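Asks: Dropping a structure here in structure tokens format, bear with me for questions.
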């Protein structure tokens, strides 16, 4: 499996000449990436690291139902729409609880609420009702 070169590595070496731009240095830099199991889908999602999620996804990292729900709630609470979208695309058959939409609504992240409603429609809970009343 080939992975995309890290953007940060590309930026550092793109204007260099000679050995640094030859491909050897970027490969050495990338060899220091942490590909261990210390990073899980849940930890990366809760930390807001979309690029790390993508790398973990390329390795088919697993996530439990509970971990998925927790990650979705944290991402929704923080307004990380990209994380919510990635998680739902990564595990499209996992159920999304009403708590996810409530978390986004209670923190005022309308874009997350709208996306969930239009794409994955969990049953709205009290947070969505509060958001509708305040609009």
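Numbering (this note's numbering), first residue to last: 55 to 189.
Quick reminder that beta carbons are idealized off the backbone N, C-alpha and C, glycines included.
The model shown is predicted, which means the values in this text are computed figures rather than measured ones.
1. Buried or exposed: residue 164, going by 16 or more other Cβ atoms within 10 Å of its Cβ?
2. Which of the three DSSP states is assigned to residue 144 in this structure?
3. Does chain D have any CB closer than 8 Å to the CB of residue 170?
4. Determine whether the beta carbon atoms of residue 106 and residue 137 lie at a separation below 8 Å.
5. In this structure, does DSSP put residue 114 in helix, strand or coil?
6. Helix, strand or coil: how does DSSP classify residue 151 here?
7. Return yes when the Cβ of residue 142 is within less than 8 Å of the Cβ of residue 161, no when it is not.
8. For residue 99 versus residue 118, is the C-beta distance shorter than 8 Å?
9. Going by C-alpha to C-alpha distance, which of 95, 120 and 155 sits closest to residue 133?
Replies: According to the structure data:
1. Here residue 164 refers to the residue found at position 110 when the chain shown is read from its first residue. Classification of residue 164: exposed, given that the 10 Å Cβ count is below 16.
2. As a first step, residue 144 must be located in the chain shown, where it is residue number 90. Three-state result, residue 144: helix.
3. Note that chain D does not occur in the displayed structure, where there is just one protein chain.
4. One-based indexing of the chain shown puts residue 106 at position 52. One-based indexing of the chain shown puts residue 137 at position 83. For residue 106 and residue 137, no; Cβs fall outside 8 Å.
5. Reading the chain shown from its first residue, position 60 is the one you call residue 114. In the three-state DSSP reduction, residue 114 falls in the coil class, being neither helix nor strand.
6. Residue numbering aside, residue 151 sits at position 97 when the chain shown is read from its first letter. Correct three-state label for residue 151: coil.
7. For this step, residue 161 is matched to residue 107 along the chain shown. For this step, residue 142 is matched to residue 88 along the chain shown. No, these two residues do not count as a Cβ contact at 8 Å.
8. As a first step, residue 99 must be located in the chain shown, where it is residue number 45. As a first step, residue 118 must be located in the chain shown, where it is residue number 64. For residue 99 and residue 118, no; Cβs fall outside 8 Å.
9. Here the question's residue 133 lines up with position 79 in the chain shown. With distances taken between Cα atoms, residue 133 lies closest to 155.
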